[in-house]
Ligand SMILES: NC(=O)c1ccc[n+]([C@@H]2O[C@H](COP(=O)([O-])OP(=O)(O)OC[C@H]3O[C@@H](n4cnc5c(N)ncnc54)[C@H](O)[C@@H]3O)[C@@H](O)[C@H]2O)c1
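Numbering (the numbering used here), first residue to last: 40 to 464.
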């Protein structure tokens, strides 16, 4: 049974989810796309063969049409989520809403209550739940292989390039401008994973430390200029050099050169250099971008059954990736997401040591999909839920999906003002 959606915000994320309709046209059809950027609408038109009256530059025009699809994919930037999600829920759309849902508990709980009250699906863009790596770990927990979870330790090690193009120079570089701090923008995935993996219980207390101490104007290399290509003597040596990241190695093409409206592959070196010297955010000295996000942070959490968790985030590390170590009463799991492999250990009575088993999930990842297979898993589950089919173990009610966000808000409050925060939501 084919389902229909409208796409609100056809940027990077919106286009990734919308692709499902191109890949599986028998399952999903797009009835309208809203985006004020005409270039993005042109891309959507070409991809899905949409008619002009299905392409809208103004969100209010969509609302005026009433409910024209089963669901809505909301993939605009963070600050727009609250108003748009609320308006769409009021028209009885089921929602796939990108994370972070919103940046504060009051609006989050309001949206949750509206969705529950109207019996609407409200799925959050927690794509990591849908990866074979975390999905397999969750299944092991459900199968009782760990016994009761005692402690979970996770790390989000953000590589130099990703830190640079998203959180130092990119569109999430400022909490003041974007509305989301580092923990919300980047690690709401990790905190959500902790809550979801341990969702036989609920988080009750949170404390956090963190600040921006290292990637600051005071720590800029001596004599550095405002832009890498404007005579900076460190152009060939600085780890944040735009030359190395965005010209020689051409990393993160989706985020570099945001002001050049054409496919990345068609951007010439000359255009890149001109942009980096003039108006491209990636060309600004990484130490002087005015970013107000933390460059390192730790979060400690306590759950109602006494179990605990610790999450750390460190920016601009050489080897990026996510680490996880879960210790239960009957066994433990340790792994590095990017390797698509983890180790399961349990106590060995015969030797009084332990046995080890390696779990490899690489084979389970569909070819050509992003986020370790998570993106396609999430949109597929949304379509399943629209059809009324049984979703995967990754899909939970919105009342469970909010736990991680609530912990993030509490952690940020603790980090900024000090002290432990008790959770009550
Ligand atoms: N789940 C994940 O892992 C993940 C990863 C990256 C980003 N995100 C989140 O996804 C969201 C979108 O991020 P992105 O990188 O795709 O951003 P983006 O800037 O590429 O896309 C946003 C799109 O929204 C459009 N837009 C602006 N105002 C609009 C309006 N009023 N109505 C409709 N469209 C409008 C923009 O023109 C743009 O095309 C953000 O909230 C971001 O934090 C989630």
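Even glycine gets a Cβ: it sits at the ideal position worked out from N, Cα and C.
Per DSSP, the bridge partner or partners of residue i
i, result
"residue 70", "Beta-bridge pairing links residue 70 to no other residue."
"residue 242", "342"
"residue 233", "Residue 233 pairs with nothing; no bridge assigned."
"residue 147", "Bridge partners of residue 147: none, in fact."
"residue 115", "Note: residue 115 sits in no beta bridge, so no partner."
"residue 191", "348 and 365"
"residue 385", "394"
"residue 399", "380"
"residue 266", "323"
"residue 133", "110"
Three-state class that DSSP yields for residue i in the structure shown
i, result
"residue 428", "coil"
"residue 460", "strand"
"residue 350", "strand"
"residue 100", "helix"
"residue 360", "strand"
"residue 314", "helix"
"residue 76", "coil"
"residue 278", "coil"
"residue 40", "coil"
"residue 250", "strand"
"residue 201", "helix"
"residue 140", "coil"
"residue 38", "Examination of residue 38 is not possible in this model, given that the chain is present from 40 through 464 alone."
"residue 375", "strand"
"residue 185", "coil"
"residue 332", "coil"
8 Å Cβ cutoff met for residue i and residue j
i, j, result
"residue 96", "residue 350", "no"
"residue 273", "residue 263", "yes"
"residue 175", "residue 408", "no"
"residue 370", "residue 389", "no"
"residue 124", "residue 136", "yes"
"residue 437", "residue 259", "no"
"residue 207", "residue 317", "no"
"residue 106", "residue 131", "yes"
"residue 72", "residue 111", "no"
"residue 393", "residue 387", "yes"
"residue 139", "residue 54", "no"
"residue 166", "residue 428", "no"
"residue 337", "residue 457", "no"
"residue 275", "residue 296", "no"
"residue 418", "residue 412", "no"
"residue 451", "residue 222", "yes"
Contacts around residue i, its chain only, beta-carbon distance under 8 Å, and the 5 residues preceding and following it disregarded
i, result
"residue 424", "133, 160, 162, 430 and 434"
"residue 251", "330, 331, 332, 333 and 334"
"residue 225", "195, 197, 205, 206, 211 and 352"
"residue 238", "435, 439 and 442"
Cβ-based neighbour list, residue i, same chain, cut-off 7 Å, excluding 5 preceding and 5 following
i, result
"residue 126", "102"
"residue 367", "185, 186, 187, 188 and 189"
"residue 60", "67, 68, 69 and 87"
"residue 65", "41"
"residue 359", "196, 197, 198 and 201"
"residue 256", "326 and 327"
"residue 214", "220, 331 and 332"
Short CB-CB distance (under 8 Å) between residue i and chain C
i, result
"residue 447", "This model lacks chain C altogether, as it is built from one protein chain only."
Sequence-distant residues of its chain with Cβ nearer than 6 Å to residue i (five each side left out)
i, result
"residue 341", "243, 244 and 347"
"residue 416", "169"
"residue 300", "78"
"residue 379", "172, 400 and 401"
"residue 49", "72, 74, 79 and 83"
"residue 285", "295 and 321"
"residue 373", "364 and 382"
key: Any 3 or more C-beta pairs closer than 8 Å across the stretch 293-312 and the stretch 237-247   = No, the stretch 293-312 is not in contact with the stretch 237-247.
message = Pairs of beta-carbons, one from the stretch 200-216 and one from the stretch 265-272, closer than 8 Å: are there three or more?
response = Taking a cut-off of 8 Å for Cβ pairs, the stretch 200-216 and the stretch 265-272 do not touch, as fewer than three such pairs fall below it.
message = Tell me whether the stretch 79-91 and the stretch 114-121 touch, counting them as touching only if at least three CB pairs, one residue from each stretch, are closer than 8 Å.
response = Between the stretch 79-91 and the stretch 114-121, the count of Cβ pairs shorter than 8 Å is below three; the stretches do not touch.
key: Segment contact, 8 Å Cβ cut-off, at least three pairs: the stretch 443-454 with the stretch 232-239   = Flag = yes, the stretch 443-454 and the stretch 232-239 touch.
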